[in-house]
Amino acid sequence: MNLEVKKQQVIEDFSAYDEWLDKYEYLIELGKSLEAFPEEKKTDDKLIKGCQSRVWLDAKLQDGKLYFSADSDAIITKGIISLLIGVYSGESPEAIATDDFGFVQEIGLKENLSPTRAGGLASMIETIKRIAENG
Amino acid sequence: MSIQEIRAQFPILTSKAYGKPLVYLDNAASAQRPTSVVECQKMLAESQNANIHRAVHYLSSKATASYEDTRDAVKEFINAPSREEIVFTSGATAAINLVAFSFGEAFVHEGDEVIVSVAEHHSNMVPWQMMCERKKAVLKVLDILPNGELAVESLEKLISEHTKIVAIAHISNVLGLVNPVRKIVQICHKHGIPVLVDGAQGVVHEKVDVQELDCDFYAFSGHKLYAATGTGVLYGKRKWLDAMPPYMGGGEMIETVSFAGTTFAPLPQKFEAGTQNFNAIPTLVPAIAFAQTCMENAAVQVQQSAIFSFVYEALTSNSRITLYGVPRGTKVPLFSFSVKDVHHEDLALIMDKMGIALRSGQMCAEPLMDRLGVTGLLRASFAPYNTLEEAEYFIKSLDKAIEMLV
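Read top to bottom, the protein sequences are chains A and B. Each residue of the first sequence is one higher than the one before, starting from 1 at the first, in this note's numbering. Each residue of the second sequence is one higher than the one before, starting from 136 at the first, in this note's numbering.
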């Protein structure tokens with residue numbers, strides 16, 4: 001699926017819920033359905049700094065595309081990272097590095113997290129971009 | 136005065152958060168301010184804005200009088216022996232840093248020891264750690280018992296001939312237990328060791344009498360006691376304050392200044408360098424009046440104990456929940472807890488959207504979190520303007536949030 005289509009899908013899924021509690025419920029489901037992340041891969045080099053809860057992010061390059069896997073000890077955060085990697089997994093490093101991540105603004109996620117947690121979201125985005133920039 | 140009359144003094148409590156009535160349960164971090172405090176601050180800015188202690192003109196005299204009257208009010212409030220033993224600071228953190236630095240300069244040398252408890256707020260731990268590093272002294276730690284109480288019986292064993300000072304919270308900002316400060320002071324004084332009490336939470340919940348406690352220092356913040364932010368108090372016994380060098384230089388803390396040397400002003404100005412927060416310190420007067428009214432008001436006390444019992448029972452009867460700081464007899468309505476298989480951050484996020492303001496995380500007490508074996512906790516702390524209905528809504532919402540997450 002094309003990157004823009006995937007983003008549009010997330011925006012649509014999110015806008016289906018009026019209440020933030022329902023949006024959280026959706027994120028919780030996303031978090032719960034995220035593919036298991038092996039315990040032995042939860043090393044400090046995969047830990048994203050700036051998050052109140054712990055978030056691990058791993059990536060592998062296959063046939064010129066990046067594939068991400070992630071985990072968190074907090075379920076909503078796990079849902080957020082799941083949403084991000086769902087959009088960007090399978091994209092080329094160039095496409096990710098040059099993307100503006102504007103859809104995150106569009107679904108109002110950042111504004112609805114407290115400042116420390118919005119910082120966490122920003123760190124997740126930065127980490128994904130950094131991985132893409134380093135190929 | 137009824138609870139509704141008290142609430143009417145806090146217009147912010149009628150706020151809506153995400154369309155839901157705001158339930159403010161983060162009072163241990165910062166309390167809301169009654170209109171008397173807000174109006175006092177407005178009055179100070181509008182009609183008494185001039186630097187204090189310096190000029191001879193009309194406005195400066197008025198501002199100075201308000202500032203110095205506040206010192207008398209604080210002296211009365213904590214029953215200090217004299218007004219010279221009340222030093223204004225920007226908060227409890229600044230007050231403790233002042234003592235850690237100046238007391239350290241005067242009395243702590245290489246190989247000496249300082250004792251704090253494992254349940255201290257960072258503000259009553261890091262300043263001592265910094266001082267110990269500077270002085271090559273050793274920071275020793277008093278442990279807690281499994282129920283959260285301080286292991287006071289071990290204090291005697293920790294004390295040695297090298298112990299120079301003991302710093303302990305009156306009430307832990309995480310456990311919400313009133314520590315036996317009087318007993319700790321007695322033990323320490325038997326060995327000639329002074330005690331600093333971090334009263335940031337204590338002064339809000341307990342009637343403080345520094346002469347009865349006989350502590351050597353007592354520090355607290357205004358903003359947790361319904362006053363403006365940037366206000367704080369250090370009480371210190373004169374014998375120590377006199378013997379300690381100034382913390383900062385400049386402003387009205389001097390007597391004479393020349394390049395050959397400077398002599399310092401007497402107490403308390405010696406410790407009040409630079410322009411003081413004259414636009415905020417006098418808000419302590421209406422804030423103290425409000426705090427005293429609450430402590431003496433029967434309706435408030437009945438309500439507070441009803442809230443306490445309800446929340447305590449609800450949290451301790453839920454097998455999924457672990458409450459930290461259990462002893463009922465010494466606990467104030469400040470509840471830190473964890474929920475099995477649920478991250479505190481998730482709960483705080485969801486309950487925020489239900490309109491409930493809680494604290495989540497390490498609560499500026501990382502060593503205590505390590506000691507308890509948790510990465511963070513959730514905390515609900517109640518004030519006299521909180522109602523039983525809010526407590527019930529909090530518990531109902533907590534159950535609902537847990538249900539969403541498991």
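All C-beta atoms, glycine included, are put in the ideal place defined by N, C-alpha and C.
Short CB-CB distance (under 9 angstroms) between residue i and chain B
i: residue 53 of chain A; result: yes
i: residue 47 of chain A; result: no
i: residue 21 of chain A; result: yes
i: residue 44 of chain A; result: no
i: residue 16 of chain A; result: no
i: residue 25 of chain A; result: yes
i: residue 73 of chain A; result: yes
i: residue 107 of chain A; result: no
i: residue 81 of chain A; result: no
i: residue 77 of chain A; result: yes
i: residue 28 of chain A; result: yes
Cβ neighbour criterion (16 or more within 10 Å) applied to residue i
i: residue 206 of chain B; result: buried
i: residue 183 of chain B; result: buried
i: residue 326 of chain B; result: exposed
i: residue 244 of chain B; result: exposed
i: residue 359 of chain B; result: buried
i: residue 229 of chain B; result: buried
i: residue 526 of chain B; result: buried
i: residue 139 of chain B; result: exposed
i: residue 255 of chain B; result: buried
i: residue 468 of chain B; result: buried
i: residue 503 of chain B; result: buried
i: residue 308 of chain B; result: buried
i: residue 151 of chain B; result: exposed
i: residue 279 of chain B; result: buried
i: residue 471 of chain B; result: buried
For residue i: DSSP bridge partner residues
i: residue 534 of chain B; result: None, per the DSSP bridge assignment.
i: residue 71 of chain A; result: A:56
i: residue 165 of chain B; result: None, per the DSSP bridge assignment.
i: residue 396 of chain B; result: B:393
i: residue 514 of chain B; result: B:471, B:494
i: residue 304 of chain B; result: B:333
i: residue 91 of chain A; result: A:66
i: residue 152 of chain B; result: B:155
i: residue 355 of chain B; result: B:368
i: residue 61 of chain A; result: A:66
i: residue 477 of chain B; result: B:474
i: residue 277 of chain B; result: B:252
i: residue 313 of chain B; result: B:306
i: residue 298 of chain B; result: B:248
i: residue 83 of chain A; result: Bridge partners of residue 83 of chain A: none, in fact.
i: residue 285 of chain B; result: B:279
i: residue 47 of chain A; result: A:56
Below-9 angstroms beta-carbon distance, residue i vs any chain A residue
i: residue 260 of chain B; result: no
i: residue 83 of chain B; result: The question about residue 83 of chain B has no answer here: the residues shown for chain B are numbered 136 through 541.
i: residue 478 of chain B; result: yes
i: residue 153 of chain B; result: yes
i: residue 160 of chain B; result: no
i: residue 488 of chain B; result: yes
i: residue 504 of chain B; result: no
i: residue 366 of chain B; result: no
i: residue 481 of chain B; result: yes
i: residue 385 of chain B; result: no
i: residue 510 of chain B; result: yes
i: residue 157 of chain B; result: no
i: residue 485 of chain B; result: yes
i: residue 493 of chain B; result: no
i: residue 265 of chain B; result: no
i: residue 430 of chain B; result: no
i: residue 540 of chain B; result: yes
Supposed contact pair residue j and residue i - C-beta distance, whole angstroms, cut 8 angstroms
i: residue 79 of chain A; j: residue 30 of chain A; result: 4 angstroms
i: residue 425 of chain B; j: residue 169 of chain B; result: 5 angstroms
i: residue 539 of chain B; j: residue 126 of chain A; result: So it is not a contact: roughly 29 angstroms between Cβ atoms.
i: residue 225 of chain B; j: residue 365 of chain B; result: 5 angstroms
i: residue 405 of chain B; j: residue 383 of chain B; result: About 10 angstroms separates the two Cβ atoms, so there is no contact after all.
i: residue 367 of chain B; j: residue 386 of chain B; result: Their Cβ separation, rounded to whole angstroms, is 17 angstroms, which puts residue 367 of chain B and residue 386 of chain B out of contact at 8 angstroms.
i: residue 70 of chain A; j: residue 37 of chain A; result: 7 angstroms
Which full runs of the beta strand (DSSP E) of 3+ residues lie inside the segment 212-273 of chain B, going along the chain?
-> Runs of the beta strand (DSSP E) lying entirely within the segment 212-273 of chain B, each at least 3 residues long, are 221-224, 248-252 in chain order.
Where are the alpha helix (DSSP H) runs, 4 residues long or more, that stay fully inside the segment 405-477 of chain B, in chain order?
-> If we require 4 residues or more, the alpha helix (DSSP H) runs fully inside the segment 405-477 of chain B come out as 419-431, 433-451.
Entirely enclosed alpha helix (DSSP H) segments - the segment 4-49 of chain A, minimum 4 residues = 20-32
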